[in-house]
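Only one structure is covered here, and it is reproduced in the block below.
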Ligand SMILES: [Zn+2]
Ligand SMILES: [Zn+2]
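Residue numbers (the numbering used here): 4 to 154.
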């Protein structure tokens, strides 16, 4: 802390035109309201498992919780954990083929010859495998790049 104050008062930084300010206060863990203390959330909720799709960097955390907490979470749609904003959705476990994108069978039992892209639905490519061919994936990638520039 002392070194932070020293840094803030640094003449060299001021001369260089740099300004030091405190980080902006992020919103707290959740917007569930005062009824939901961290202790109560912990009691009502437990991590069931986490899931990472092959080729994707993000991880999904599947939690089991009381119906009451579930409806609150679904209503607000996102929670803040540390510096991250996490999207909250229902987890519905239905097998979806990663080749043809149809439900009810895994890829190893798929009878389709041509793969279907999970982003745009075209048959000429698969999302992750032929990245450059998918226009929707390109748009999404550009959007992610643009938002991270703003941070
Ligand atoms: Zn299939
Ligand atoms: Zn595509």
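Idealized CB from N, CA, C, for every residue including glycine.
Just so we're clear, the structure is a prediction, and the values are computed from it rather than from any experiment.
As assigned by DSSP and simplified to three states, the class of residue 77: In the structure shown, the three-state DSSP call for residue 77 is helix.
For residue 150, which of helix, strand or coil comes out of DSSP? Under the three-state reduction of DSSP, residue 150 is assigned to helix.
Buried or exposed (CB count within 10 angstroms, at least 16 for buried), residue 109: Residue 109 should be labelled exposed.
Residue interval of the beta strand (DSSP E) (run including residue 15): Unbroken run through residue 15 is the alpha helix (DSSP H), 14-18; no beta strand (DSSP E).
State yes or no: is the C-beta of residue 103 within less than 9 Å of the C-beta of residue 119? Yes, the Cβ-Cβ distance between residue 103 and residue 119 is below 9 Å.
In the structure shown, what three-state DSSP assignment does residue 54 receive? When secondary structure is reduced to three states using DSSP, residue 54 falls in the strand class.
Can you say whether residue 129 is buried or exposed, counting buried as having 16 or more other CB atoms within 10 angstroms of its CB? So residue 129 counts as buried.
Using a Cβ-Cβ distance cut-off of 9 Å, determine whether residue 115 contacts chain B. Among the chains of the structure shown, chain B does not appear; only one protein chain is present.
Bridge partners of residue 49, per DSSP? Answer by DSSP bridge pairing, in chain order: 67.
Member of 21, 86, 43, 79 whose CA lies at the smallest distance from the CA of residue 93: Checked all of 21, 86, 43, 79; the closest Cα to residue 93 is 79.
Which value, in whole angstroms, describes the spacing of the CA atoms of residue 95 and residue 69? If you take the alpha carbons of residue 95 and residue 69, they lie about 16 Å apart.
Distance cut-off 8 Å: residue 120 Cβ against heavy atoms of ligand 2: The closest heavy atom of ligand 2 lies less than 8 Å from the beta carbon of residue 120.
If you draw a straight line from the alpha carbon of residue 71 to that of residue 77, how long is it in whole angstroms? Taking the CA atoms as reference points, residue 71 sits about 10 Å from residue 77.
Candidates 142, 82, 126: closest to residue 101 by CA position: Residue 126 is the option with its Cα nearest to residue 101.
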